[in-house]
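Heads up: the sequence lines are chains A and B, in that order. Sequential numbering of the first sequence, starting at 0, is according to numbering that gives the first Met the number 0. Sequential numbering of the second sequence, starting at 0, is according to numbering that gives the first Met the number 0.
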Amino acid sequence: MHRFFLRLLRLDRRIIFLLVGLATLLPLLFPLGFPIRVSPEVKKIYDHVESLPAGTLVLLSFDFEPGGKPELYPMAIALLRHAFQRNLKVLGVTLWPAGAGLAEAALAQVAREQSKARGRDFVFLGYAPGEANAVISMGQDFRAAFPTDYAGTEIAEIPLLMNVRSLRDIPYVLSLSVGFPGIETWYVYGKEKYGFELGGGCTAVSAPRFYPLLNTGQINGLLGGLRGAAEYELLIGTQGKAIAGMDAQSATHFLIIFLIVACNAAYFLTGRTTARRS
Amino acid sequence: MSTETLIGAWVAVGLSLLIYSFLYKDNPFFKLAEHIFVGVSIGYLLTITYYQVMVNKLYLPMMQQGKWWLVIPAFLGMLMLSRFIPPIAWLSRISFAFLLGISSGLAIPRQISSFILQQVQGTIKPLITVGDSGVMFTFANLNSLLILIGVVSVLFYFFFSIEHTGPVRRVARIGIYFLMISFGAAFGYTVMARMSLLIGRLDELVLYSSAAYGHATLVLLAAMILGLVWWERRQRPES
Numbered sequence: 000m001h002r003f004f005l006r007l008l009r010l011d012r013r014i015i016f017l018l019v020g021l022a023t024l025l026p027l028l029f030p031l032g033f034p035i036r037v038s039p040e041v042k043k044i045y046d047h048v049e050s051l052p053a054g055t056l057v058l059l060s061f062d063f064e065p066g067g068k069p070e071l072y073p074m075a076i077a078l079l080r081h082a083f084q085r086n087l088k089v090l091g092v093t094l095w096p097a098g099a100g101l102a103e104a105a106l107a108q109v110a111r112e113q114s115k116a117r118g119r120d121f122v123f124l125g126y127a128p129g130e131a132n133a134v135i136s137m138g139q140d141f142r143a144a145f146p147t148d149y150a151g152t153e154i155a156e157i158p159l160l161m162n163v164r165s166l167r168d169i170p171y172v173l174s175l176s177v178g179f180p181g182i183e184t185w186y187v188y189g190k191e192k193y194g195f196e197l198g199g200g201c202t203a204v205s206a207p208r209f210y211p212l213l214n215t216g217q218i219n220g221l222l223g224g225l226r227g228a229a230e231y232e233l234l235i236g237t238q239g240k241a242i243a244g245m246d247a248q249s250a251t252h253f254l255i256i257f258l259i260v261a262c263n264a265a266y267f268l269t270g271r272t273t274a275r276r277s
Numbered sequence: 000m001s002t003e004t005l006i007g008a009w010v011a012v013g014l015s016l017l018i019y020s021f022l023y024k025d026n027p028f029f030k031l032a033e034h035i036f037v038g039v040s041i042g043y044l045l046t047i048t049y050y051q052v053m054v055n056k057l058y059l060p061m062m063q064q065g066k067w068w069l070v071i072p073a074f075l076g077m078l079m080l081s082r083f084i085p086p087i088a089w090l091s092r093i094s095f096a097f098l099l100g101i102s103s104g105l106a107i108p109r110q111i112s113s114f115i116l117q118q119v120q121g122t123i124k125p126l127i128t129v130g131d132s133g134v135m136f137t138f139a140n141l142n143s144l145l146i147l148i149g150v151v152s153v154l155f156y157f158f159f160s161i162e163h164t165g166p167v168r169r170v171a172r173i174g175i176y177f178l179m180i181s182f183g184a185a186f187g188y189t190v191m192a193r194m195s196l197l198i199g200r201l202d203e204l205v206l207y208s209s210a211a212y213g214h215a216t217l218v219l220l221a222a223m224i225l226g227l228v229w230w231e232r233r234q235r236p237e238s
C-alpha cells in the first residue's frame with residue numbers, strides 16, 4: 000500500500016493529462032446523462048426573456064473571441080433560439096474585434112433554423128471599436144456609432160432600427176463576455192446612465208467576479224460558463240452543445256476531485272508511515 | 000461540403016494537435032503553431048482595426064459626410080507616434096494628457112458609483128424580516144449576515160494601521176477563512192473553465208474525425224505522433 004501511495008505521489012504529469020483527456024473524450028462519445036439542475040441566476044434571465052412582449056428589441060453583445068467560444072457560443076445559440084421563439088427582435092453587436100465572425104455565424108445559424116429575416120427580425124451591426132467609448136457613443140447617438148450594419152447596409156434603410164436613436168430605446172441588453180470590455184462595461188457606461196435592464200453570460204473563470212453585481216441587482220441574471228449554457232438549453236428544451244458537454248465536465252471534475260483527495264491522503268499517509276518507521 | 004470548409008477543418012485540427020503536442024513536452028511543432036497563432040492574431044487585429052477605425056470611423060465620415068472636425072482626433076492620434084522620434088517625443092504627452100483627462104473624468108465617478116456605493120448598499124441589508132407573522136430570520140437574512148461578516152472581517156484583515164492582536168487578530172483570522180473560501184470557489188470555477196475549453200476542442204476534433212471531413216483528426220494525429228517520434232530520435236545523442 001505504501002509503495003502504491005508513493006507511486007501516486009510521483010505520478011508523471013503526462014499520465015494525468017491522458018486521464019483527463021480520456022475523462023473528457025469518453026463521455027463525449029458515450030453520453031452518460033448526468034442530471035442538470037437549473038440555478039436561480041440562470042432562471043432569472045430565462046424569466047425576463049419570457050416576460051418581454053413579442054417585438055421587443057433585445058441587444059445581444061457578443062463580447063468574446065475564439066478563446067471563449069466553447070463556453071459562450073452555446074450560450075449565444077441558446078439565447079438566440081429563445082429570443083426568436085418569443086418573436087423578440089435581436090440586435091447583435093460586439094465590443095471585441097475577433098468576435099464579429101462568431102457573432103455573424105451564430106445569428107445566421109439560428110435565423111436559418113427559425114426562418115428569421117435579416118433587417119426585419121434581427122440585425123448584426125458588427126464590431127464597435129473603443130470599448131467603453133463605444134457604449135457611450137451608442138447611448139448618445141446610436142446611428143453615429145453604427146452608420147451601417149455589418150454587411151454595409153445604411154442604418155436608415157433597416158426597418159428594425161427605425162425607432163432606435165439611443166440605448167434608451169432598447170429595453171434589454173445581454174452581454175456574453177469573456178473579459179473586459181464586457182458585462183462591466185455595459186453596466187458602468189450603459190445601464191447606469193441609459194436605464195435598460197442588463198443580463199450577463201460569462202466564462203466560468205470570470206463568474207465569481209460577477210456574483211457581487213448579481214447580489215445587488217446590478218445585473219438581473221448570470222449564465223456562468225458551460226454549466227450556465229447547459230441550464231439555459233434545458234430551460235428552452237433543446238439539446239445543444241452545452242448539455243452534451245456537461246457529462247464530460249462532470250466526469251473530469253470527478254477525476255480531479257479524486258486525484259486531489261487521493262494525492263492528499265497519500266501525502267499524509269506516507270508521511271505518517273515514514274515517521275513511524277524512522 | 001465546400002472546399003473552404005474542408006481546408007478550414009484540416010487547418011484547425013492540425014493547429015490544435017500541434018498545440019496539444021506541448022503536453023508531451025516542449026517541441027518545435029508546438030513552437031511553429033505558437034508563432035503562427037501570434038502572427039495571425041496580430042495580422043487579424045491590425046486589419047480589423049484599420050478597416051473599422053481608420054476607414055469606417057475616420058476616412059469615410061471625413062470624405063463622404065464632410066466631418067472635417069475628425070482631423071483633430073486624428074492629429075492627436077498621430078502625435079502619439081512621435082514617441083518613436085526622440086527629439087519630438089514630448090509631443091505625445093499632449094495626446095496622453097488628453098486621453099488621461101477624458102478617461103479619468105469618465106471612469107472615476109462611474110466606477111465609484113458602480114463598484115463602491117452600490118456594493119456598500121448591497122452589503123447593508125436587513126438582518127431580520129418583519130412580516131405579518133412577526134419577526135423572522137430567513138435564509139436571505141442569513142446570506143445578508145454572512146456577507147456583512149465576510150466584508151467586515153476581510154476589511155479588518157487588510158487593515159494594517161494597528162497590530163493584529165487580541166480581538167482584531169480573531170476578526171482578521173475570520174477574514175482569512177472567507178478569503179480562502181473565495182479563492183477555492185475561484186479555483187473551482189477556473190478548473191471548470193479550462194475543462195470547458197478542452198471539451199470544446201475535443202468536441203470539434205471528434206466531429207472532424209468523421210469520413211465527411213476525410214478523417215482529418217485521425218490522419219493528422221498519426222502524422223503528429225510520427226513527427227514526435229522522428230524528432231525524439233533526432234534529439235537522441237549518437238552512441
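Even for Gly, the Cβ is constructed at its ideal location relative to N, Cα and C. Being a predicted model, the structure only gives us computed values, none of them experimental.
Span separating the alpha-carbon of A/G199 from that of B/Q118
Within the first sequence, residue 199 of chain A is the residue found at index 200, counting from 1. Within the second sequence, residue 118 of chain B is the residue found at index 119, counting from 1. Their backbone Cα atoms lie some 18 Å apart in a straight line.
Practice item. May I ask you to list the residues that DSSP assigns as paired with B/R233? Key: Taking the first residue of the second sequence as 1, we reach residue 233 of chain B at position 234. Answer by DSSP bridge pairing: none, since B/R233 is not bridged.
Query raised in the report: Are the C-beta atoms of B/L246 and some chain A residue less than 8 Å apart?
Result: This structure does not reach residue 246 of chain B, given that chain B is present from 0 up to 238, and the question cannot be answered.
Chain A contacts from the region 172-193 of chain B (Cβ-Cβ distance under 9 Å)
Taking 9 Å as the Cβ-Cβ cut-off against chain A, the residues of the region 172-193 of chain B that qualify are S181, A184, A185, G187, Y188, T189, V190, M191, A192 and R193.
(request) Report yes if the C-beta of A/A250 is less than 7 Å from at least one heavy atom of the ligand GTP; otherwise report no. (result) The ligand GTP is not part of the structure shown, which contains no ligands of any sort.
Please list the terminal residues of the continuous beta strand (DSSP E) segment that includes A/S60.
Counting from one through the first sequence, the residue named residue 60 of chain A turns up at place 61. If you look at A/S60, you'll find it in the beta strand (DSSP E) that goes L56 to D62.
Counting along the chain, where does the alpha helix (DSSP H) carrying B/E33 start and finish? For the purposes of this step, residue 33 of chain B is taken as residue 34 along the second sequence, with counting starting at 1. Boundaries of the alpha helix (DSSP H) harbouring B/E33: P27 to T48, taken from the DSSP string.
Report task. Go ahead and pull the three-state DSSP assignment for B/Y23. Result -> Reading the second sequence from its first residue, position 24 is the one you call residue 23 of chain B. B/Y23 sits in coil when the DSSP states are folded into three classes, being neither helix nor strand.
Open item on the list: Against chain A, with Cβ distances strictly below 8 Å, would B/I47 count as a contact?
Closed with: As a first step, residue 47 of chain B is located in the second sequence; it is residue number 48 there, counting from the start. Interface residue (Cβ-Cβ distance to chain A less than 8 Å): B/I47 is classified as such.
(request) Measure how close the beta-carbons of A/A77 and A/G239 come, nearest whole angstrom, since I'm counting them as under 8 Å. (result) Residue mapping note: residue 77 of chain A aligns to position 78 of the first sequence, counting from 1. Residue mapping note: residue 239 of chain A aligns to position 240 of the first sequence, counting from 1. Confirmed, about 6 Å.
- Item | DSSP bridge partner residues for A/L222 (one or two, in chain order) | Along the first sequence, read from residue 1 onward, the residue named residue 222 of chain A stands at position 223. Partner(s): A/G200.
Check your understanding: Can you name the residues of chain B whose CB is closer than 8 Å to the CB of A/Y300?
Key -> Residue 300 of chain A lies beyond the stretch modelled for chain A, which goes from 0 to 277, so this question has no answer here.
- Query: So which residues of chain B does A/G244 contact, with C-beta pairs closer than 8 Å?
  - Reply: Within the first sequence, numbered from 1, the residue matching residue 244 of chain A stands at position 245. Ordered by position in chain B, the residues that pass the 8 Å Cβ test against A/G244 are S195, I198, G199 and D202.
- Report the residues of the region 173-206 of chain A with a CB closer than 7 Å to any CB of chain B, ordered along the chain. Using a CB distance below 7 Å, the part of the region 173-206 of chain A facing chain B consists of Y186, V187, Y188, E191, T202, A203, V204 and A206, ordered along the chain.
Nearest to A/G189 (by Cα), restricted to the options A/A206, A/I218 and A/G178: Taking the first sequence and counting its residues from 1, the one referred to as residue 189 of chain A is at position 190. Looking at the Cα atoms, A/I218 is the closest of the given residues.
To the nearest angstrom, report how far apart A/V172 and A/S165 are at their CA atoms.
-> Taking the first residue of the first sequence as 1, we reach residue 172 of chain A at position 173. Taking the first residue of the first sequence as 1, we reach residue 165 of chain A at position 166. C-alpha separation (whole angstroms): 13 Å.
Once DSSP output is grouped into helix, strand and coil, what is the label at A/V163? As a first step, residue 163 of chain A is located in the first sequence; it is residue number 164 there, counting from the start. It is coil, neither helix nor strand.
Original post:
Quick one: does B/S208 have its CB under 8 Å from some CB of chain A?
Top reply: By 1-based counting over the second sequence, the position of residue 208 of chain B is 209. Using a CB distance cut-off of 8 Å, B/S208 does not count as an interface residue toward chain A.
Residue of A/E196, A/E230 and A/A250 minimising C-alpha distance to A/T55:
Residue 55 of chain A sits at position 56 when you count from the first residue of the first sequence. The shortest Cα separation from A/T55 among A/E196, A/E230 and A/A250 belongs to A/E196.
Legend entry - CA nearest to the CA of A/H81, picked from A/G244, A/H47, A/G67 and A/G181: Within the first sequence, residue 81 of chain A is the residue found at index 82, counting from 1. A/H81 has its Cα closest to that of A/H47, out of A/G244, A/H47, A/G67 and A/G181.
Exposed or buried, which one is B/R235 when buried takes at least 16 other CB atoms within 10 Å? As a position in the second sequence, residue 235 of chain B is number 236, starting the count at 1. For B/R235, the number of other beta carbons within 10 angstroms of its own is below 16, and it is reported as exposed.
Residues of its chain near B/V150, where Cβ-Cβ distance is below 8 Å and the 5 sequence neighbours each way are ignored
Against the second sequence, residue 150 of chain B aligns to sequence position 151. The answer, listed in chain order, is T122.
| message | Using CA atoms only, rank isn't needed, just tell me which of B/Q51, B/K24, B/T46 and B/S15 is closest to B/I35. | response | In the second sequence, counting from the first residue as 1, residue 35 of chain B sits at position 36. Among B/Q51, B/K24, B/T46 and B/S15, the Cα nearest to that of B/I35 is on B/S15.
Which residues does DSSP pair with B/V129 in a beta bridge?
Along the second sequence, one-based indexing puts residue 129 of chain B at 130. Its beta-bridge partners are B/V134.
CB contact below 8 Å: A/Q139 versus chain B: In the first sequence, the residue the question calls residue 139 of chain A occupies position 140. No, A/Q139 lies away from the interface with chain B (no Cβ there is under 8 Å from its Cβ).
Which complete alpha helix (DSSP H) runs does the region 78-132 of chain B hold, if anything under 4 residues is left out?
With a minimum length of 4 residues, the continuous alpha helix (DSSP H) runs that stay inside the region 78-132 of chain B are 91-110 and 117-122.
**Message:** If you follow the beta strand (DSSP E) that A/K68 is in, where does it begin and where does it stop?
**Reply:** Here residue 68 of chain A refers to the residue found at position 69 when the first sequence is read from its first residue. Per DSSP, A/K68 is not a residue of any beta strand (DSSP E); the alpha helix (DSSP H) it occupies stretches across K68 to Q84.
* Quick one: which residues of the region 245-257 of chain A get their C-beta closer than 8 Å to a C-beta of chain B? List them in chain order. => Answer in chain order: A247, Q248, T251, H252 and I255.
Tell me which same chain residues have a C-beta within less than 8 Å of the C-beta of B/L201, skipping the five on either side of it?
-> What you label residue 201 of chain B is simply residue 202 of the second sequence in a count that begins at 1. None.
ask   = Quick one, are the C-beta atoms of A/V57 and A/L94 less than 8 Å apart?
value = Residue numbering aside, residue 57 of chain A sits at position 58 when the first sequence is read from its first letter. Residue numbering aside, residue 94 of chain A sits at position 95 when the first sequence is read from its first letter. With contacts defined by Cβ atoms closer than 8 Å, A/V57 and A/L94 do not form a contacting pair.
Reducing DSSP to helix, strand and coil, say where A/L91 ends up. Translated into positions along the first sequence, residue 91 of chain A becomes position 92. In the sequence as displayed, the identity of residue 91 of chain A is Gly instead of Leu. Under the three-state reduction of DSSP output, A/G91 falls in the strand class.
Between A/P73 and the rest of its own chain, which residues show a CB-CB distance below 6 Å, the 5 nearest in sequence each way excluded?
Within the first sequence, the letter at position 74 stands for residue 73 of chain A. Answer for A/P73: A228, G239, K240 and A241, listed in chain order.
- request: Take A/I169 and list the residues in its own chain whose beta-carbon comes closer than 6 Å to its own, dropping the five residues that flank it on each side.
  value: Mapped onto the first sequence, residue 169 of chain A falls at position 170. Scanning its chain for C-beta atoms nearer than 6 Å, with the 5 sequence neighbours on each side dropped, one finds around A/I169 the residues L56, L58 and F195, in chain order.
Taking 8 Å as the CB-CB limit, is B/V151 close to chain A? Residue mapping note: residue 151 of chain B aligns to position 152 of the second sequence, counting from 1. With 8 Å as the cut-off, B/V151 does not count as an interface residue toward chain A.
Residue span of the beta strand (DSSP E) that contains B/L57, given as start and end: Walking along the second sequence from the start, residue 57 of chain B turns up at place 58. Careful: B/L57 lies outside any beta strand (DSSP E) and carries neither H nor E.
(message) Taking 7 Å as the limit between beta carbons, can you name the residues of its chain near A/A133, skipping five residues before and five after?
(response) Residue 133 of chain A sits at position 134 when you count from the first residue of the first sequence. Excluding residues within five positions, the ones whose Cβ falls inside 7 Å are L94, A127 and A144.
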